[in-house]
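Protein sequence lines, in the order shown, are assigned to chains A, B and C. Going by numbering that gives the first Met the number 0, the letters in the first sequence line up with residues 0 to 279, in that order. Going by numbering that gives the first Met the number 0, the letters in the second sequence line up with residues 0 to 320, in that order. Going by numbering that gives the first Met the number 0, the letters in the third sequence line up with residues 0 to 381, in that order. Cβ coordinates follow ideal geometry from the N, Cα and C atoms, glycine included.
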Amino acid sequence: MQKKKSTFLLTVLCFGMAFLYIPMLMLIVYSFNYSKIVPVWGGFSTRWYTTLFESEEVWDALLLSINIAVVNATFATLLGTLAGLALVRFGRFRGRTLFGGMITAPLVMPEVITGLSLLMLFITMKEFIGWPDKRGFTTITIAHITFSMAYVAIIIQSRLTGMGQDYEEAALDLGAKPLRVLSDITFPLLAPGMVSGWLLAFTLSLDDLVIASFVTGPGANTLPMLIYSRVRLGLRPDINALATIIIVTVAVGVVIAGWLMFRQQKQKDREIQMAAAANK
Amino acid sequence: MAPLTKALDSGEGLGSYQQILVRVQHLLQAKWKTVLVVLPFFWLLLFFLAPFFIILKISVAEPLIASPPFSPLFEWTKDGAMTIRIIFDNYAYLWEDELYANTYISSLKISVISTLLCLLIGYPMAYAIVRASPTAKNILLLMVILPFWTSFLLRVYAWMGLLADQGLINDLLIWLGFIDSPVRLMYSHFAVYVGIVYTYVPFMILPLYANMEKLDLTLHEAAADLGAKPATTFLTVTLPMTWPGIAAGSLLVFIPATGEFIIPDLLGGGNVSMIGRVLFNEFHANHDWPVASAVAIALLILLVVPMMLYQRVQAKETEGS
Amino acid sequence: MPAENQEIQDQPWLDPDAEPFIQIKGVTKQFGDFVAVSSVDLEIFKGELFCLLGGSGCGKSTLLRMLAGFETPTAGSIFIDGVEMGEVPPYERPVNMMFQSYALFPHMDVEKNVAYGLKRDGIDKEEIRLRVAEMLEMVELTDFRKRKPHQLSGGQRQRVALARALVKQPKVLLLDEPLAALDKRLRERTQFELMNIQDRLGVTFVVVTHDQEEAMTLSTRIAVMDVGKFVQIGTPTEIYEYPDNRMVADFIGSINMFEGRVTENGADHIRVRSAEADSEFFIDRGLSIKEGTKVWVAVRPEKIRVSKSSPDNTDENWLRGKVEEIGYLGSLSTYRVRLENGKIVDVTVSNQIRPKDGRHVVYWEDEVYLNWDAGSPVVLTK
Numbered sequence: 000m001q002k003k004k005s006t007f008l009l010t011v012l013c014f015g016m017a018f019l020y021i022p023m024l025m026l027i028v029y030s031f032n033y034s035k036i037v038p039v040w041g042g043f044s045t046r047w048y049t050t051l052f053e054s055e056e057v058w059d060a061l062l063l064s065i066n067i068a069v070v071n072a073t074f075a076t077l078l079g080t081l082a083g084l085a086l087v088r089f090g091r092f093r094g095r096t097l098f099g100g101m102i103t104a105p106l107v108m109p110e111v112i113t114g115l116s117l118l119m120l121f122i123t124m125k126e127f128i129g130w131p132d133k134r135g136f137t138t139i140t141i142a143h144i145t146f147s148m149a150y151v152a153i154i155i156q157s158r159l160t161g162m163g164q165d166y167e168e169a170a171l172d173l174g175a176k177p178l179r180v181l182s183d184i185t186f187p188l189l190a191p192g193m194v195s196g197w198l199l200a201f202t203l204s205l206d207d208l209v210i211a212s213f214v215t216g217p218g219a220n221t222l223p224m225l226i227y228s229r230v231r232l233g234l235r236p237d238i239n240a241l242a243t244i245i246i247v248t249v250a251v252g253v254v255i256a257g258w259l260m261f262r263q264q265k266q267k268d269r270e271i272q273m274a275a276a277a278n279k
Numbered sequence: 000m001a002p003l004t005k006a007l008d009s010g011e012g013l014g015s016y017q018q019i020l021v022r023v024q025h026l027l028q029a030k031w032k033t034v035l036v037v038l039p040f041f042w043l044l045l046f047f048l049a050p051f052f053i054i055l056k057i058s059v060a061e062p063l064i065a066s067p068p069f070s071p072l073f074e075w076t077k078d079g080a081m082t083i084r085i086i087f088d089n090y091a092y093l094w095e096d097e098l099y100a101n102t103y104i105s106s107l108k109i110s111v112i113s114t115l116l117c118l119l120i121g122y123p124m125a126y127a128i129v130r131a132s133p134t135a136k137n138i139l140l141l142m143v144i145l146p147f148w149t150s151f152l153l154r155v156y157a158w159m160g161l162l163a164d165q166g167l168i169n170d171l172l173i174w175l176g177f178i179d180s181p182v183r184l185m186y187s188h189f190a191v192y193v194g195i196v197y198t199y200v201p202f203m204i205l206p207l208y209a210n211m212e213k214l215d216l217t218l219h220e221a222a223a224d225l226g227a228k229p230a231t232t233f234l235t236v237t238l239p240m241t242w243p244g245i246a247a248g249s250l251l252v253f254i255p256a257t258g259e260f261i262i263p264d265l266l267g268g269g270n271v272s273m274i275g276r277v278l279f280n281e282f283h284a285n286h287d288w289p290v291a292s293a294v295a296i297a298l299l300i301l302l303v304v305p306m307m308l309y310q311r312v313q314a315k316e317t318e319g320s
Numbered sequence: 000m001p002a003e004n005q006e007i008q009d010q011p012w013l014d015p016d017a018e019p020f021i022q023i024k025g026v027t028k029q030f031g032d033f034v035a036v037s038s039v040d041l042e043i044f045k046g047e048l049f050c051l052l053g054g055s056g057c058g059k060s061t062l063l064r065m066l067a068g069f070e071t072p073t074a075g076s077i078f079i080d081g082v083e084m085g086e087v088p089p090y091e092r093p094v095n096m097m098f099q100s101y102a103l104f105p106h107m108d109v110e111k112n113v114a115y116g117l118k119r120d121g122i123d124k125e126e127i128r129l130r131v132a133e134m135l136e137m138v139e140l141t142d143f144r145k146r147k148p149h150q151l152s153g154g155q156r157q158r159v160a161l162a163r164a165l166v167k168q169p170k171v172l173l174l175d176e177p178l179a180a181l182d183k184r185l186r187e188r189t190q191f192e193l194m195n196i197q198d199r200l201g202v203t204f205v206v207v208t209h210d211q212e213e214a215m216t217l218s219t220r221i222a223v224m225d226v227g228k229f230v231q232i233g234t235p236t237e238i239y240e241y242p243d244n245r246m247v248a249d250f251i252g253s254i255n256m257f258e259g260r261v262t263e264n265g266a267d268h269i270r271v272r273s274a275e276a277d278s279e280f281f282i283d284r285g286l287s288i289k290e291g292t293k294v295w296v297a298v299r300p301e302k303i304r305v306s307k308s309s310p311d312n313t314d315e316n317w318l319r320g321k322v323e324e325i326g327y328l329g330s331l332s333t334y335r336v337r338l339e340n341g342k343i344v345d346v347t348v349s350n351q352i353r354p355k356d357g358r359h360v361v362y363w364e365d366e367v368y369l370n371w372d373a374g375s376p377v378v379l380t381k
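Okay, here's the thing in structure tokens:
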């Protein structure tokens, strides 16, 4: 009975993973297709990579996207961490319910609504205070920070609840003032969460098409906007090449990060075991 | 020396740098919580909450051929009094034009069915991952998260290749002898379902996994020990206990899927009407901002209940542990 | 006379003129509608090892957290060394706490953990180094000073936590379930270490525990807590031998209780008739309880003798029953005896004589007589 159950689960896993990975695999395979018509195999070639690298448009878009992503991730991590702290550690304060609502809502808010409403805000602000006079880098970054900080806040929140209040109380008890506790204990212990928050915010920003399309201005094209403008008219082999580069970069990064974390955990487990064994 | 200290004592040297530093320090020690919370709070008030009031305002304005293309909500008459013009024409228009009503219904239908499909695929996968060995668990989890870190847009694009007339799926079906000539898979409801399920299934798996991992597996053994068959165990123990995970995952798929733009645009084309796409086009192609805003507000009203539900589930999850 | 002086010095709570070191006056703590601590008064003296004992949710931890400054009382006040603590934040209180989880900072090594509190006091580096070294020497962790908390065993972590709290030379050390995370063997050893250190440094300890054995061995005095109130405060002997009420009698150790009514109230004795035991009890102490009052006569299992022959004095303080169960614990044996009317009585007997051929003198189903001294029982009215 146990055996049968695990066979069923194994089958589900295999099909599920195949469903997740075959499309990405095909994307990669066809990037090496000589033929201009994507799904028809015309022999192996790397010519689409050359086309891609020669396109100044692609480089510009990539640069803009990365710039936005870095600034966004940094600010979102800062604001998200503060928000997470406020929600878990500050107890009740005026507007806490509203604050909590505003932190979770962007996670599920349809992008079209966020995009449209932010654009309307920028236009209204320009009308009243003359800023932002030009839409592009700044407006996209602000929009991205607004929804990425919610994700960071969730990560920080769950880490804070997970680690409990003992460390911070111990520091207070030993004579550290609240701000000192924050810098000596809370932030160092939150560091791994903040790193994952930063990476997540960076990725979310690189990935966003809809919101950026709303709040951008003339001339500012992010990478997803460029990809979209090309693929909406049909399949493009150079986009396959771009997709391959992105997928491989992410996969290598995730695998390395995962491996490092795994090794660190294993090392730590070993030390814990040794410490326990030494004190028999 | 003496007059200086006196001045400092009496607070006359308020402008001095040191004085300010001391004051800032005092403020931080006394009100540090307020100082820290003010920044994210006001950011969200300005960039998240305020915009909704603005689109609410624009949705009751008159469309104009101008820049910005809508009538101002407030107008000042010559003697300085303020008049407010509210026009519900845009909402009336949405109500009267069948196109919009049908689009809302079709969006809801598509996202409900997609959510159920995600649950059908995601639930056993999450369960299988929880039951795997610790090493396998880490690798499998990484495999579920990995697509999430790659581009959403490119994952949708991948299906354009697979579903094309000369794409892999048609080739496979012909080779297997099911069909003689390619069938149209692209620009159909089928394509949209595939796209949504494909891109959103990790959002279903992860909350389910997080919920199931906390479950005590000995409960299953206890149920079995007390004579419950596997199916009974599932219905009476597993399912009720994973309910929070099911709720979180389903809402996390359902809400964004309802407003989805990229998938219906790239895979559905003109044949599938979804509200996100209508809004996007109303804005970018027709430049009808008031109607676009009304569409957005109507969509928001549609999603307010599920969004509040999600918030409650989320709050329970973070506070419960 | 000197003997009495010595006694007062060891037991300052007996001296009416002694100045208490910690004073808790009418302290109440409410969380919403829930009353965790309900209007309690307590005085703890310098150099005491005081235990707050009670089950989970009795309010003992909340009281400790109020002493540390993590919670502020809803009503009442707390004085430490004559200073009202009121709104004094934890980082300015002359107390330190050892957490149940130890709460060792995972990103700092042992030395940095111990030095952390001294650094916050702005003490110069050389002195910090010396004091930390001295403290690590005392808890025998000098060789482990560069280790991170996760590289230590449970017992070592416990000692780091103790060193970290003690190095600041607090006036009061608060210990939240200090031994709960250790295994039984280690717990016994650490218990004595803890008492040694306390004795050597003369610091006042306030310990929270749910383990009555731990409280009995460690403390100078114990406060037994239940639903936010103290049910009895006293030395371990007082608590064990003269419990105030049924709750304490039942909570500390095991006890046999017989419900009855006072039939005779003399100046130096008291008689109780118990229908439950179908017997008459004689207690050789005068107690101011009116005749006819409902009381409980409580006898500890180890104060009861078991014999197979009928005792000489067959008027009072004896019972007859059948042995239903025997628990052989090596040094002790426990017998569960069922009286004729069905009432169960527990008896503990120390195994001074090795059983012959592995057979105990008293065996299952044996008819036995139970009796005790007139001074052994406690009479409880509530």
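In chain A, which residues lie less than 8 Å from Asn-95 (chain C) when you measure between Cβ atoms? Neighbours of Asn-95 (chain C) across chain A, judged by C-beta separation under 8 Å: Asp-172 and Leu-173.
For a minimum of 4 consecutive residues, which ranges assigned as the alpha helix (DSSP H) are wholly contained in the segment 200-282 of chain B? Within the segment 200-282 of chain B, complete alpha helix (DSSP H) segments of at least 4 residues are found at 217-224, 229-232 and 242-257, given in chain order.
Taking Tyr-327 (chain C) as part of the alpha helix (DSSP H), name the residues at either end of that continuous run. Secondary structure note for Tyr-327 (chain C): it is in no alpha helix (DSSP H), and the uninterrupted beta strand (DSSP E) holding it is 317-327.
Could you compute how far the alpha carbon of Ile-254 (chain C) sits from the alpha carbon of Val-206 (chain C)? Rounded to the nearest angstrom, the two C-alpha atoms are 25 Å apart.
Taking Cβ positions only, does Thr-202 (chain A) come closer than 8 Å to chain B? By the rule that beta-carbons nearer than 8 Å mark a contact, Thr-202 (chain A) touches chain B.
Using 8 Å as the limit for Cβ to Cβ distance, is Ile-155 (chain A) near chain C? Answer no: the Cβ-Cβ gap between Ile-155 (chain A) and chain C never drops below 8 Å.
Tell me, to the nearest whole angstrom, how far the beta carbon of Trp-295 (chain C) is from that of Glu-237 (chain C); I am working on the premise that it is less than 8 Å. At roughly 18 Å, the Cβ-Cβ gap does not stay under 8 Å, so Trp-295 (chain C) and Glu-237 (chain C) are not in contact.
Taking C-beta pairs closer than 9 Å, name the residues in chain B that Arg-231 (chain A) reaches, listed in chain order. Within 9 Å Cβ-Cβ: Asp-264 and Leu-265.
I want to verify the contact list: residues of chain A whose CB lies under 8 Å from the CB of Asp-120 (chain C), in sequence order. Result: Gly-174.
Helix or strand or just coil, what does DSSP make of Cys-57 (chain C)? In this structure, Cys-57 (chain C) counts as coil in the three-state DSSP scheme.
Between Ala-102 (chain C) and chain A, is any beta-carbon pair separated by less than 8 Å? Yes - at least one Cβ of chain A is within 8 Å of the one on Ala-102 (chain C).
Neighbour list for Ala-67 (chain C) in chain A, Cβ cutoff strictly below 9 Å: Chain A residues near Ala-67 (chain C): Glu-168, Leu-171 and Asp-172.
Quick one: residues in its chain with C-beta nearer than 7 Å to the C-beta of Ile-296 (chain B), no 5 flanking neighbours on either side, listed in chain order? Correct list, in chain order: Ile-54, Leu-55 and Ser-58.
Nearest chain C C-beta to Glu-270 (chain A) closer than 8 Å, yes or no? Yes, Glu-270 (chain A) counts as interfacial toward chain C.
Flag Lys-183 (chain C) as yes if its beta-carbon sits less than 8 Å from any beta-carbon of chain A, otherwise no. So no, Lys-183 (chain C) is outside the interface.
What did DSSP end up calling Gly-222 (chain C) once you bin it into helix, strand or coil? In the sequence on display, residue 222 (chain C) carries Ala and not Gly. Residue state, collapsed to three classes: strand.
Where Val-11 (chain A) sits in the DSSP three-state scheme: Here Val-11 (chain A) sits in helix by DSSP.
Could you give the residue range of the beta strand (DSSP E) that holds Asp-345 (chain C)? Its beta strand (DSSP E) spans residues 343-349.
Can you list, in chain order, the residues of the segment 206-222 of chain B whose Cβ is nearer than 7 Å to any Cβ on chain D? Absent here is chain D; the protein component of the structure consists of chains A, B and C.
Reference Ser-152 (chain C), options A:Ala-72, A:Met-119, A:Arg-269 and A:Ala-250, closest by Cα: Residue nearest to Ser-152 (chain C) within the set A:Ala-72, A:Met-119, A:Arg-269 and A:Ala-250 is A:Arg-269 (criterion: CA-CA distance).
Coarse secondary structure for Thr-145 (chain A), derived from DSSP in three states: In the three-state reduction of the DSSP assignment, Thr-145 (chain A) falls in the helix class.
Give me whichever residues DSSP pairs with Arg-335 (chain C) in a beta bridge. Its beta-bridge partners are C:Glu-324 and C:Asp-345.
Minimum C-alpha distance to Pro-191 (chain A) - residue among A:Leu-222, A:Ala-274, A:Thr-80 and A:Met-273: Cα-wise, what sits closest to Pro-191 (chain A) is A:Thr-80.
Does the beta-carbon distance from Val-109 (chain C) to Arg-144 (chain C) come in below 8 Å? In contact: Val-109 (chain C) and Arg-144 (chain C) (Cβ atoms closer than 8 Å).
So which of C:Glu-290, C:Glu-323, C:Met-96 and C:Gly-53 has the shortest CA-CA distance to Glu-213 (chain C)? Of C:Glu-290, C:Glu-323, C:Met-96 and C:Gly-53, the smallest CA-CA separation from Glu-213 (chain C) is found for C:Gly-53.
Have a look at Ile-246 (chain A) and Phe-261 (chain A) and give me their C-alpha separation to the nearest angstrom. Straight-line measurement puts the Cα of Phe-261 (chain A) at about 22 Å from the Cα of Ile-246 (chain A).
Out of C:Ala-179, C:Glu-240 and C:Ser-100, which has the shortest C-alpha to C-alpha gap to Val-298 (chain C)? Taking the Cα of Val-298 (chain C) as reference, the smallest distance to any Cα among C:Ala-179, C:Glu-240 and C:Ser-100 is reached at C:Glu-240.
Note the first and the last residue of the continuous alpha helix (DSSP H) segment covering Leu-139 (chain B). Residues 133-148.
Kindly indicate the opening and closing residues of the beta strand (DSSP E) around Tyr-368 (chain C). Per DSSP, Tyr-368 (chain C) belongs to the beta strand (DSSP E) from 366-370.
List the DSSP bridge partners of Ser-113 (chain B). DSSP lists no partner for Ser-113 (chain B).
Measure the alpha-carbon distance for Thr-347 (chain C) versus Asp-372 (chain C) and round it to whole angstroms. About 15 Å.
Nearest CA to the CA of Tyr-186 (chain B): which residue from B:Arg-311, B:Val-312 and B:Ser-272? Here the closest residue by C-alpha is B:Ser-272.
Where the alpha helix (DSSP H) containing Gly-153 (chain C) begins and where it ends: First-last of the alpha helix (DSSP H) with Gly-153 (chain C): 153-165.
Which residue from B:Met-240, B:Leu-207, B:Val-312 and B:Tyr-199 puts its Cα closest to that of Leu-116 (chain B)? Of the candidates B:Met-240, B:Leu-207, B:Val-312 and B:Tyr-199, the one whose C-alpha sits nearest the C-alpha of Leu-116 (chain B) is B:Tyr-199.
Can you pull the DSSP bridge partners for Ala-242 (chain A)? Within the DSSP bridge table, the entry for Ala-242 (chain A) names no partner.
Do you know how far the Cα of Met-65 (chain C) is from the Cα of Cys-232 (chain C)? A quick correction: the sequence has Ile, not Cys, at residue 232 (chain C). C-alpha separation (whole angstroms): 19 Å.
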